[in-house]
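Reviewing the structure listed below.
4 protein chains.
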Amino acid sequence: MPGNTFGHTFRVTTAGESHGPGNIVIVDGVPPGLELSVDDLRSDLERRRPGQSKIVTQRKEPDEPEILAGVFDGRTTGTSIAILIRNTDQRSRDYTDIQDKYRPGHADFTFDAKYGFRDYRGGGRSSARETAARVAAGAIAKKLLRERCDIEILGYVKQVGDIVASIEQPEAVTLEQIEATPVRCPDPRAAESMIALIEKVRGEQDSIGGVSELVATNVPAGWGEPVFDKLKADLGKAMFSLPAVLGVEYGAGFEVARMRGTENNDRFAPDEQGSITTTTNRHGGMLGGISSGLPIILRCAIKPTSSLSQEQQTVTRSGEPTTIATKGRHDPCLLPRFAPMGEAMMALVLADHMLRQAAIR
Amino acid sequence: MPGNTFGHTFRVTTAGESHGPGNIVIVDGVPPGLELSVDDLRSDLERRRPGQSKIVTQRKEPDEPEILAGVFDGRTTGTSIAILIRNTDQRSRDYTDIQDKYRPGHADFTFDAKYGFRDYRGGGRSSARETAARVAAGAIAKKLLRERCDIEILGYVKQVGDIVASIEQPEAVTLEQIEATPVRCPDPRAAESMIALIEKVRGEQDSIGGVSELVATNVPAGWGEPVFDKLKADLGKAMFSLPAVLGVEYGAGFEVARMRGTENNDRFAPDEQGSITTTTNRHGGMLGGISSGLPIILRCAIKPTSSLSQEQQTVTRSGEPTTIATKGRHDPCLLPRFAPMGEAMMALVLADHMLRQAAIR
Amino acid sequence: MPGNTFGHTFRVTTAGESHGPGNIVIVDGVPPGLELSVDDLRSDLERRRPGQSKIVTQRKEPDEPEILAGVFDGRTTGTSIAILIRNTDQRSRDYTDIQDKYRPGHADFTFDAKYGFRDYRGGGRSSARETAARVAAGAIAKKLLRERCDIEILGYVKQVGDIVASIEQPEAVTLEQIEATPVRCPDPRAAESMIALIEKVRGEQDSIGGVSELVATNVPAGWGEPVFDKLKADLGKAMFSLPAVLGVEYGAGFEVARMRGTENNDRFAPDEQGSITTTTNRHGGMLGGISSGLPIILRCAIKPTSSLSQEQQTVTRSGEPTTIATKGRHDPCLLPRFAPMGEAMMALVLADHMLRQAAIR
Amino acid sequence: MPGNTFGHTFRVTTAGESHGPGNIVIVDGVPPGLELSVDDLRSDLERRRPGQSKIVTQRKEPDEPEILAGVFDGRTTGTSIAILIRNTDQRSRDYTDIQDKYRPGHADFTFDAKYGFRDYRGGGRSSARETAARVAAGAIAKKLLRERCDIEILGYVKQVGDIVASIEQPEAVTLEQIEATPVRCPDPRAAESMIALIEKVRGEQDSIGGVSELVATNVPAGWGEPVFDKLKADLGKAMFSLPAVLGVEYGAGFEVARMRGTENNDRFAPDEQGSITTTTNRHGGMLGGISSGLPIILRCAIKPTSSLSQEQQTVTRSGEPTTIATKGRHDPCLLPRFAPMGEAMMALVLADHMLRQAAIR
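Protein chains in written order, with UniProt numbering: chain A, 1 to 361; chain B, 1 to 361; chain C, 1 to 361; chain D, 1 to 361.
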């Protein structure tokens, strides 16, 4: 049943497995005339790719995109754009273990329950490899949002294990600050501790979870639909569609559970230009699910990598108890590489709602 | 731009404002032959309606549903079902304040930014009144899930302010335990404290937030789609589409940020019947976004009611500073009435994925 | 499975049976600020309703619409609009025949094959009664198209039996010419013959088919999408979704089968204002499925009414040969009442593509 | 605005231009376990491709498909399938004429009106080249329909110019009869005349139109949805989404305009096995838009090829009168190559409704 399409007016459809020929995305709804080349796609693909630093997986995936359709003379034509990213690291391996045993925390068992069989090589369609296609599409959305509305979308690591970054103004964080360290945490002191922690857990053949924070600035007030397609609903779906995300919160998030209305309500006031704004942003940039003009701020809880090189207890496909140690090279912590994926999904949602709003006003 | 439809194969479309003639839902995709009458809709509407207890708003909305189409001889026909719930408490009131001033925490400002004007009476389309239509549709989904798969969906209050209920086995909670107190918390001791706290904040013309927990039992393994339409993604969208929800988490939720892979991974093992299960459920009933057969467990962070009867600072439509005290009768805490709304949305998602899975196997 | 929603950006969802409480439509995607009242809906509903003249069915259905949502202070709010048209002619009747026997040409048999049972009263959901909801929604689309682009959409009877109207300039036909006779044929001489023929077949307890022609003027060049959502594809679906339509053609239509390219190609040339147009319109106003700026012209072949008051041979639900004479009052010819239905569907498609185009330019 | 996706439950999304790198289709919703390889795709691609016989265009497009995703160990996995067909005949040419002048009958002008500019090489996205992707996807749908329901779908040439084939039993026509001549008309005598006529018009630097007939046998009763997604509506959209189709009709088609109800109604009767059928099939296999179990029969009117090698009058992009003779190799008649395109679209619709029906019963 179709579940590989996302978005209403800016719409992406993907296909691809981790060890098949490649990953493909068709982006439908991009307005004509946007300058676009593979160079626009490379930067975020590079931030997403394995092997980029010592604290991520050392797999080598060059992730070279090819634009197959929808661009002519360096500009989008308005018709559907197709991008192919071939898989290159398809080394012949022994998949017996992963074929017959269910890796804890992975989708092996649920895929079998759903389909009756599965492409077991490296997780197949359930591998995070498919996010390469999303990141390529997201790069187009980002460029469109930037050119039309000056919108910037940035993601960074807010927390790894017990180490929480101190970030006073999420909307003031820059890409340079984020990219200053391989862990992508703009608080340099926390970043140092996070890197040490990640190296420690890797040494212990273990993994560690964390929290990613994402910020979109310059989103005009008025985007999002009142009921089901609230901006927070579409962003929530976008984030939860990414692997390993177990929680999403906006603005004050779960802290609102402890708050009084008098504490939590953001007060409307005129800004310096006389426009209406709120003096605080506990609401996370959306009221009634519609953007308020304040920065959109969300956080995702990311679980520790399920793949561990140490032995874990599990069962075979027929239910016999056994153990499995996942061979191969895994991220000891998913957080550093999550930023470009989260940014891409945020961009897809915002580009969709930008065009949806354009249709009615 | 259309945003009032939800679901792919079991699909609802709604319309209605808080002070217009009524709220309407069309439910498309209900299989033929399901016994259905207004009695099936009344129970959850009653749990949702204002005025049901002393700790919720005292507005009177009898919420009497009328089935306008799709049912014949007491059974669904397979064609679209329409349900109308007329608004009855449409007393002539003075809306001058709400017309000209932006209520903090509400969607008044963002609706104006989006549409240029708005139905200001009681929030119009942004009012939680529209959830009556969802609850009616959800009752159909619940019945279908129960009859086909013996699935039960229950929501209850997990936290109000600092008071956290102690619930060892979410999947063992019963409707009777939930409905035993007006706060809908199945931990009797916590319930008592929560009620006292809610009465206290009401006395102080204030409001309080909380956390709602929702559990679906007997969901078979294999529901949900691999990439964008993960079950956790569709449930996340469903929950965030409800008013006042600022956070959603599954299973271990935000706690995974602090965990190691060795701590967090649930271990596969045969159950007593020899089927494959996991010995713990930190994953919340979904792996790779597909149901695992374990109970699906999620929590929503609900902000304190934005409407306060005490004066709050704000601005007029033209940006002039002013104050507003929201007249009328409001819930001092949204949690008690949230359970049926959350259950309804969870049921809509599960019914959709039940039918989606039926199409392929 | 959902099949009661139509359109992408201007989207309608309907429910209702011929002898249930009423017919309902939710219109999602109407931009805010359009002046709208029930008066805007009445005119086309009146043209569609039974009993309006002596050559149509004499059933009485006042078709009074009620706007339940989406309009405030006389203007659309931008949120979903709901319209209810209650059924009033629900006289208690003997439905034994129609319950147990399959009416030739009707959907009784196919509904049973699909759903296992059906609402047999007057055809239930398969009755043309459901088009009342479409006509109400179409009236909104028409108004929007007129106000934004000065587009007019008119349908009329081109042929009944062997009588073919002579209409030299379809784009010059006026509503007054169409409404001048109850048969809705703007060629007065042909209209007279058609009326006589319809009365003759009615006297013979028979029915007669025909062709309806529909014209949309002032549609700007550039609407429609290149591949699947070609304007001719969406219009084709719209027309074939109406009961009794067995053929649809544009411009030269089936005549192109006999033509050479040199005969059929319309020549581009500058018009009097220097804009680009074609000197002829055999292409029917669309090239590559995208509007060319020329009038959009299509024709629908409508079969003779299946219900006949004379005995017809058929079978019972269990397959036993029997006969049936459909009691009740039927149109001897569906053509006169088809015009408003066809116009409504054409308007829904054009309004959808108007908004779709607005999103990208 | 997205218009490159087709279908609800069996869904295809395409991208690609005639002279870009290639054409791509993502097929979403194919159930798991269907045996599939590129060999399954080749047969229909071969029937569609240029250069296959002397009466079609002599362009060389080998149309070699590559399956990029969704197939593992020779079977579909249930996740999205991607197919790429690279363009190989991308010879460097002089496109000055087509860049600056509007070819009569083509979409050059309407694309410019829509997007402001266009990929002018060979028609870009408006070229029939994009149907290669549809034919590849249709081959999957055909195989699924055959394996699950023994459904066969065949298209053939019914008419070219004034030459009409005599085909008494459309449902008895075989692929062998169709493929016996390069014109794909199963009436050998008519085929001979058609070939002669096509060669004649080619010799005259002209082109000729025709009618294609398509037949689906063994479709069970009960497929299709009652209102908007009638089977005839979805098939109608499918056919009109193909280039050059100006008319579609089912069963008796436009002939119903001249018929009486007593003549046109098909009589229900038990068949030899006691099942319910109709003794004639003027209804074309659908009643109320739902399949009746009789063969589905439709016809498409195809216009003569617009590209002519003789000079035609037209205008430049700036509106100046000029002439154009379309260089390159064109089909003098589109009919022979239409069959596989029409079959593919019919298969996509039927596969979609097969799965949609599976979800509810």
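Beta carbons are placed, not taken as given, at the ideal position from N, Cα and C, and that holds for glycine.
Checklist entry - Going by Cα to Cα distance, which pick from K200/A, V27/A and E168/A is closest to P332/A? => result Numbered from 1 along the first sequence, position 332 holds the residue referred to as residue 332/A. Cα-wise, what sits closest to P332/A is K200/A.
Next on the checklist: Please give the ranges of any alpha helix (DSSP H) in the region 186-213 of chain A, keeping only runs that are unbroken, at least 4 residues long and fully inside the region.
Outcome noted: 188-203
Item to check | Residues near P186/D by beta carbon distance below 6 Å, same chain, minus five either side | outcome: Taking the fourth sequence and counting its residues from 1, the one referred to as residue 186/D is at position 186. Excluding sequence positions up to five before and after P186/D, its CB lies within less than 6 Å of the CB of Y156, V173, Q177 and I178, all in the same chain and listed in chain order.
Item to check | Assigned secondary structure, I55/C (DSSP; H/G/I helix, E/B strand, else coil) | outcome: Start at 1 with the first residue of the third sequence, and residue 55/C comes out as number 55. The answer is coil: DSSP assigns I55/C none of H, G, I, E or B.
Item to check | Beta-carbon neighbours of P21/A, restricted to chain B and to distances below 9 Å | outcome: Reading the first sequence from its first residue, position 21 is the one you call residue 21/A. Result: empty, since nearest Cβ-Cβ is about 17 Å, beyond 9 Å.
Checklist entry - Hey, T236/D and V248/D: beta-carbon distance below 7 Å or not? => result Here residue 236/D corresponds to residue number 236 of the fourth sequence, with the count starting at 1. Here residue 248/D corresponds to residue number 248 of the fourth sequence, with the count starting at 1. According to the sequence provided, residue 236/D is Gly. The question's Thr does not apply to it. Taking 7 Å as the cut-off, the beta carbon of G236/D is found closer than this to the beta carbon of V248/D.
Checklist entry - From I297/A to Y250/A, what distance separates their C-alpha atoms? => result For this step, residue 297/A is matched to residue 297 along the first sequence. For this step, residue 250/A is matched to residue 250 along the first sequence. Taking the straight line joining both Cα atoms gives about 6 Å.
Checklist entry - Where does G203/C land, buried or exposed, given buried means 16+ other C-beta within 10 angstroms? => result As a position in the third sequence, residue 203/C is number 203, starting the count at 1. Classification for G203/C: exposed.
Item to check | Proximity below 7 Å, CB of R49/B to CB of A344/B | outcome: Residue mapping note: residue 49/B aligns to position 49 of the second sequence, counting from 1. Residue mapping note: residue 344/B aligns to position 344 of the second sequence, counting from 1. Not in contact: R49/B and A344/B (Cβ atoms no closer than 7 Å).
Checklist entry - Under a CB-based cut-off of 7 Å, is A196/A close to chain C? => result Stepping through the first sequence from its first residue, residue 196/A is reached at position 196. Not closer than 7 Å to any Cβ of chain C, the Cβ of A196/A fails to qualify, so no.
Checklist entry - In its own chain, which residues sit with a C-beta less than 6 Å from the C-beta of G161/A, not counting the 5 before and 5 after it? => result Walking along the first sequence from the start, residue 161/A turns up at place 161. These residues qualify, in order along the chain: L197 and I208.
Checklist entry - Which residue spans inside the region 226-311 of chain C form an unbroken beta strand (DSSP E) run of at least 3? => result 245-250, 268-270, 276-278 and 296-302
Checklist entry - In the DSSP assignment, what residue or residues form a beta bridge with G22/D? => result Within the fourth sequence, numbered from 1, the residue matching residue 22/D stands at position 22. Per DSSP, R86/D.
Checklist entry - Can you pull the DSSP bridge partners for R75/B? => result Here residue 75/B corresponds to residue number 75 of the second sequence, with the count starting at 1. R75/B is bridged to E35/B and F72/B.
Checklist entry - For the beta strand (DSSP E) that contains L154/D, what are its first and last residues? => result Walking along the fourth sequence from the start, residue 154/D turns up at place 154. Here the beta strand (DSSP E) through L154/D covers E152 to V160.
Checklist entry - Using the beta-carbon of each residue, which ones in chain D are nearer than 7 Å to T79/B? => result On the second sequence, residue 79/B is found 79 positions in, with the first residue counted as 1. Under the 7 Å cutoff, chain D gives P226.
Next on the checklist: Taking 7 Å as the threshold (beta carbon to beta carbon), is T96/C in contact with chain A?
Outcome noted: The residue you call residue 96/C lines up with position 96 of the third sequence. No, because no Cβ of chain A sits closer than 7 Å to the Cβ of T96/C.
Checklist entry - Does any CB atom of chain D fall closer than 7 Å to the CB of I297/A? => result Residue numbering aside, residue 297/A sits at position 297 when the first sequence is read from its first letter. For I297/A, the nearest beta carbon of chain D is not closer than 7 Å to its own beta carbon.
Checklist entry - Taking 7 Å as the CB-CB cut-off, is G285/A touching chain B? => result As a position in the first sequence, residue 285/A is number 285, starting the count at 1. False, the Cβ-Cβ gap to chain B never drops below 7 Å.
Checklist entry - Mapping DSSP to helix, strand and coil, what is R11/D? => result Taking the fourth sequence and counting its residues from 1, the one referred to as residue 11/D is at position 11. Three-state DSSP puts R11/D in a strand.
Item to check | Close beta carbons around N218/B, own chain, < 8 Å, minus the five adjacent residues each side | outcome: Stepping through the second sequence from its first residue, residue 218/B is reached at position 218. Same-chain partners within the cutoff: C149, D150, I151 and E152.
Item to check | Interfacial residues, the region 24-56 of chain D to chain A, with Cβ spacing under 7 Å | outcome: I24, I26, D28, G29, P32 and G33
Checklist entry - Taking C-alpha atoms, which residue in P31/C, H330/C and M346/C lies nearest to V71/C? => result As a position in the third sequence, residue 71/C is number 71, starting the count at 1. Residue P31/C is the option with its Cα nearest to V71/C.
Checklist entry - Between E102/D and chain C, is there a C-beta pair that is closer than 7 Å? => result Taking the fourth sequence and counting its residues from 1, the one referred to as residue 102/D is at position 102. Position check: residue 102/D holds Tyr in this sequence, whereas Glu was assumed. Chain C, which has a Cβ nearer than 7 Å to the Cβ of Y102/D, makes this yes.
Checklist entry - Grouping DSSP H, G and I as helix and E and B as strand, with all else coil, what is residue 362/B? => result Nothing about residue 362/B can be read from this structure; chain B reaches only from 1 to 361.
Item to check | Alpha-carbon spacing of D97/B relative to T314/B, whole angstroms | outcome: In the second sequence, counting from the first residue as 1, residue 97/B sits at position 97. In the second sequence, counting from the first residue as 1, residue 314/B sits at position 314. The alpha-carbon atoms of D97/B and T314/B are separated by roughly 11 Å.
Checklist entry - So does the region 133-147 of chain C actually touch the region 35-47 of chain C, counting three or more Cβ pairs closer than 8 Å? => result A contact exists between the region 133-147 of chain C and the region 35-47 of chain C.
Checklist entry - In the UniProt region "Disordered" (308-328) of chain A, which residues sit with their C-beta less than 7 Å from some C-beta in chain B, listed in chain order? => result Residues passing the 7 Å Cβ filter: L308, Q312, Q313, T314, V315, G319 and P321.
Item to check | Cutoff 7 Å: P2/A Cβ touching any chain D Cβ | outcome: Residue 2/A sits at position 2 when you count from the first residue of the first sequence. Judged by the 7 Å Cβ criterion, P2/A is in contact with chain D.
Item to check | First and last residue of the uninterrupted beta strand (DSSP E) at I360/A | outcome: In the first sequence, the residue the question calls residue 360/A occupies position 360. Where I360/A is concerned, there is no enclosing beta strand (DSSP E), although the alpha helix (DSSP H) it sits in stretches over L335 to I360.
Checklist entry - Going along chain B in order, which residues have a C-beta closer than 7 Å to the C-beta of D119/C? => result The count along the third sequence starts at 1 and reaches residue 119/C at position 119. Under the 7 Å cutoff, chain B gives F72 and T77.
Next on the checklist: Residues of chain C with CB closer than 9 Å to the CB of L68/B, please, in chain order.
Outcome noted: For the purposes of this step, residue 68/B is identified with residue 68 of the second sequence, where counting begins at 1. By Cβ distance, chain C contributes A15, G16, G20, P21, G22, N23, I24, L84 and R86.
Checklist entry - What three-state label does DSSP hand Q99/A in the structure shown? => result Working through the first sequence from its first residue, we reach residue 99/A at position 99. Three-state result, Q99/A: helix.
Checklist entry - With which residues is I81/C paired in a DSSP beta bridge? => result Residue mapping note: residue 81/C aligns to position 81 of the third sequence, counting from 1. In the DSSP output, where bridge partners are listed per residue, I81/C has V27/C.
Checklist entry - Starting from I324/C and walking both ways along the beta strand (DSSP E), at which residues does that stretch end? => result Against the third sequence, residue 324/C aligns to sequence position 324. Counting along the chain, the beta strand (DSSP E) containing I324/C begins and ends at P321 to I324.
Checklist entry - For chain C, is any of its Cβ atoms less than 7 Å away from the one on S292/D? => result Locating residue 292/D in the fourth sequence gives position 292, counting from the first residue. So, interface residue.
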